[in-house]
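Undergrad: Residues in the sequence shown are numbered from 1 upward in steps of one, following UniProt numbering.
Sending over a structure as structure tokens; questions will come in a sec.
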Amino acid sequence: MDEFQSKAFEVGEEIEPDDNEPLTGEEYLQRVKWQSNRCPSVVVANIDYSKIKITTPSKTYFTLPPSITKCKKELLPTPIWEKEFLNDFSEFRQKLQNIKSNKPKNNNNNNNSNNNSLIPQIPHINDKRYWYIFCFGSNGNNSDLKMKDVNNEFCDEEYENNDYEEEVEYNENEEGEEEEGEEDEEDEDEEDYYTTKKPTIGNKPTMDILCRLDHVLTVALVNYHIEWLEKREFTQDRSYWLYMLLSLLEKPIDPDTCSNLRSCIRRLSVFRSKITNLNDPNLPSINILFTIIGKYFDQLEPSDILYL
Numbered sequence: 001m002d003e004f005q006s007k008a009f010e011v012g013e014e015i016e017p018d019d020n021e022p023l024t025g026e027e028y029l030q031r032v033k034w035q036s037n038r039c040p041s042v043v044v045a046n047i048d049y050s051k052i053k054i055t056t057p058s059k060t061y062f063t064l065p066p067s068i069t070k071c072k073k074e075l076l077p078t079p080i081w082e083k084e085f086l087n088d089f090s091e092f093r094q095k096l097q098n099i100k101s102n103k104p105k106n107n108n109n110n111n112n113s114n115n116n117s118l119i120p121q122i123p124h125i126n127d128k129r130y131w132y133i134f135c136f137g138s139n140g141n142n143s144d145l146k147m148k149d150v151n152n153e154f155c156d157e158e159y160e161n162n163d164y165e166e167e168v169e170y171n172e173n174e175e176g177e178e179e180e181g182e183e184d185e186e187d188e189d190e191e192d193y194y195t196t197k198k199p200t201i202g203n204k205p206t207m208d209i210l211c212r213l214d215h216v217l218t219v220a221l222v223n224y225h226i227e228w229l230e231k232r233e234f235t236q237d238r239s240y241w242l243y244m245l246l247s248l249l250e251k252p253i254d255p256d257t258c259s260n261l262r263s264c265i266r267r268l269s270v271f272r273s274k275i276t277n278l279n280d281p282n283l284p285s286i287n288i289l290f291t292i293i294g295k296y297f298d299q300l301e302p303s304d305i306l307y308l
């Protein structure tokens with residue numbers, strides 16, 4: 001390790017310790033140098049297993065995640081297509097950032113009141129169930145929303161036609177963190193989502209919506225959509241939202257998002273392995289998302305190549 005560490009000052013040749021105390025600081029350091037040069041690089045403890053319940057040391061420190069699911073070779077994109085797509089995707093991300101940075105902010109004045117009324121209200125970042133309805137809508141049976149607790153954790157269950165139904169245990173006294181002056185308006189809009197009996201149509205990831213998403217909210221939505229995809233079937237609406245959110249996702253990405261992207265790519269491989277027809281409408285979307293996560297965000301490991 002000496003070659004990787006810078007020296008504060010020169011120390012003389014090492015001195016083998018004896019029974020006498022070192023007389024100077026330099027002599028003390030020379031003895032320490034002698035001892036450090038004789039320390040092993042790796043030390044293994046000798047454990048007496050007769051004194052504990054286990055008889056042998058464990059060789060499994062963690063459970064390995066599942067590998068990429070194999071599929072037919074003809075379902076995989078070609079290297080030429082991947083290269084061209086990644087170039088186009090990189091250009092699209094740049095254009096999207098330019099549009100977002102140059103788009104003027106909406107001001108709450110009379111001149112923009114009509115335009116603002118056409119733009120859907122963005123839910124709170126922590127309101128996961130509100131975001132689900134915002135993105136994918138509901139079948140109008142919002143009285144059946146099932147909640148685990150007041151922290152917006154909902155039961156992920158499969159429903160017919162992929163409709164999202166929940167039973168709301170709404171607490172009118174729940175404390176919020178809305179800004180002063182907008183609390184009443186936001187509460188009314190949120191109540192409309194949860195109490196209406198009419199079917200609600202989900203919103204598409206339009207530029208008006210995307211331009212209102214900052215980096216923190218984008219990361220949260222990417223993780224939300226991956227979590228929803230883990231327990232639901234693949235649809236075009238899900239692919240639209242994931243594609244646009246990944247287009248906004250900035251590098252470098254945090255470890256938690258990396259882990260979720262790895263889970264997403266495994267889930268996509270499962271969907272692709274079930275495809276039997278090359279004309280399946282979901283195949284291009286799956287390959288696009290798989291290429292973005294695996295190649296653009298570098299979430300493919302060398303061992304995954306064996307399964308592709």
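Even for Gly, the Cβ is constructed at its ideal location relative to N, Cα and C.
The structure displayed is predicted, hence computed values, not measured ones.
Between which two residues does the alpha helix (DSSP H) containing residue 8 stretch?
TA: The residue given as residue 8 occupies position 8 in the sequence shown. Here residue 8 belongs to no alpha helix (DSSP H), and DSSP marks it neither H nor E.
Undergrad: Any idea what DSSP makes of residue 67, helix, strand or coil?
TA: As a working mapping, residue 67 is identified with position 67 in the sequence shown. Residue state, collapsed to three classes: coil.
Undergrad: Whole-angstrom Cβ separation of residue 132 and residue 241, contact assumed at under 8 Å?
TA: Reading the sequence shown from its first residue, position 132 is the one you call residue 132. Reading the sequence shown from its first residue, position 241 is the one you call residue 241. Rounded, the Cβ-Cβ distance is 11 Å, inconsistent with contact.
Undergrad: Under DSSP, the alpha helix (DSSP H) around residue 243 begins and ends at which residues?
TA: Indexing the sequence shown from 1 puts residue 243 at position 243. That run of the alpha helix (DSSP H) goes 236 to 248.
Undergrad: What's the call for residue 23, buried or exposed, on a 16-neighbour Cβ count within 10 Å?
TA: Taking the first residue of the sequence shown as 1, we reach residue 23 at position 23. So residue 23 counts as exposed.
Undergrad: Measuring only the C-alpha atoms, how far is residue 267 from residue 230?
TA: Start at 1 with the first residue of the sequence shown, and residue 267 comes out as number 267. Start at 1 with the first residue of the sequence shown, and residue 230 comes out as number 230. Going from the Cα of residue 267 to the Cα of residue 230 covers about 7 Å.
Undergrad: Under DSSP, the alpha helix (DSSP H) around residue 209 begins and ends at which residues?
TA: Your numbering for residue 209 matches position 209 in the sequence shown. It spans 207 to 210 - the alpha helix (DSSP H) in which residue 209 sits, taken as one unbroken run.
Undergrad: Looking only at its chain, what residues have a beta carbon closer than 7 Å to the beta carbon of residue 89, apart from the 5 residues adjacent to it on each side?
TA: Sequence index remark: in the sequence shown, residue 89 carries index 89 (1-based). Here the set comprises 292, 296.
Undergrad: Leaving out five residues before and five after residue 31 in sequence, what residues of the same chain have Cβ atoms less than 7 Å from its Cβ?
TA: The residue labelled residue 31 in the question sits at position 31 within the sequence shown. Cβ within range, chain order: 15, 17, 22.
Undergrad: For residue 302, which residues in the same chain have their Cβ closer than 8 Å to its Cβ, ignoring the five residues on either side in sequence?
TA: Here residue 302 refers to the residue found at position 302 of the sequence shown. Result list for residue 302: empty, nothing under 8 Å.
Undergrad: Considering only the beta carbon of each residue, do residue 248 and residue 206 sit closer than 7 Å?
TA: Position 248 of the sequence shown holds residue 248. Position 206 of the sequence shown holds residue 206. The answer is no: Cβ separation not under 7 Å.
Undergrad: Would you call residue 37 buried or exposed, if buried means 16 or more other Cβ atoms sit within 10 Å of its Cβ?
TA: Counted from its first residue, the sequence shown places residue 37 at position 37. It is exposed - the Cβ of residue 37 has fewer than 16 other Cβ atoms within 10 Å.
Undergrad: With a CB to CB cut of under 6 Å and the five nearest residues on each side skipped, what residues in its chain are close to residue 143?
TA: Numbered from 1 along the sequence shown, position 143 holds the residue referred to as residue 143. Interpretation of residue 143 is limited by its pLDDT of 35, a score under 50 that renders its predicted location unreliable; the figure taken from the coordinates is listed afterwards. Closer than 6 Å at the Cβ level, and outside the excluded window around residue 143, lies no residue.
Undergrad: Can you find at least 3 beta carbon pairs, one from the region 67 to 87 and one from the region 265 to 285, that sit closer than 8 Å?
TA: Result yes; three or more Cβ-Cβ pairs closer than 8 Å.
Undergrad: Give me whichever residues DSSP pairs with residue 200 in a beta bridge.
TA: Along the sequence shown, one-based indexing puts residue 200 at 200. In the DSSP output, where bridge partners are listed per residue, residue 200 has 138.
Undergrad: Just verifying my parser: in three-state terms, what is the DSSP assignment at residue 301?
TA: The sequence position of residue 301 within the sequence shown is 301, counting from 1. Residue state, collapsed to three classes: coil.
Undergrad: Between which residues of its own chain and residue 91 is the CB-CB distance below 7 Å, once the five residues before and five after are set aside?
TA: Residue numbering aside, residue 91 sits at position 91 when the sequence shown is read from its first letter. Around residue 91: no qualifying Cβ.
Undergrad: Would residue 125 and residue 212 be called neighbours here (beta carbons separated by less than 7 Å)?
TA: Along the sequence shown, one-based indexing puts residue 125 at 125. Along the sequence shown, one-based indexing puts residue 212 at 212. For residue 125 and residue 212, no; Cβs fall outside 7 Å.
Undergrad: Is DSSP giving residue 73 helix, strand or coil here?
TA: Within the sequence shown, numbered from 1, the residue matching residue 73 stands at position 73. Of the three classes helix, strand and coil, the one that applies to residue 73 here is helix, per DSSP.
Undergrad: Pop quiz: residue 226 and residue 264 are said to be a contact at Cβ under 8 Å. What is the actual Cβ separation, rounded to whole angstroms?
TA: Working through the sequence shown from its first residue, we reach residue 226 at position 226. Working through the sequence shown from its first residue, we reach residue 264 at position 264. Their Cβ separation, rounded to whole angstroms, is 4 Å, which keeps residue 226 and residue 264 in contact under 8 Å.
Undergrad: So residue 265 is in the alpha helix (DSSP H); what residue range does that whole segment cover?
TA: Taking the sequence shown and counting its residues from 1, one reaches residue 265 at position 265. Start and end: 255 to 273.
Undergrad: Between which residues of its own chain and residue 234 is the CB-CB distance below 6 Å, once the five residues before and five after are set aside?
TA: Looking up residue 234 in the sequence shown gives position 234. Here the set comprises 271, 282.
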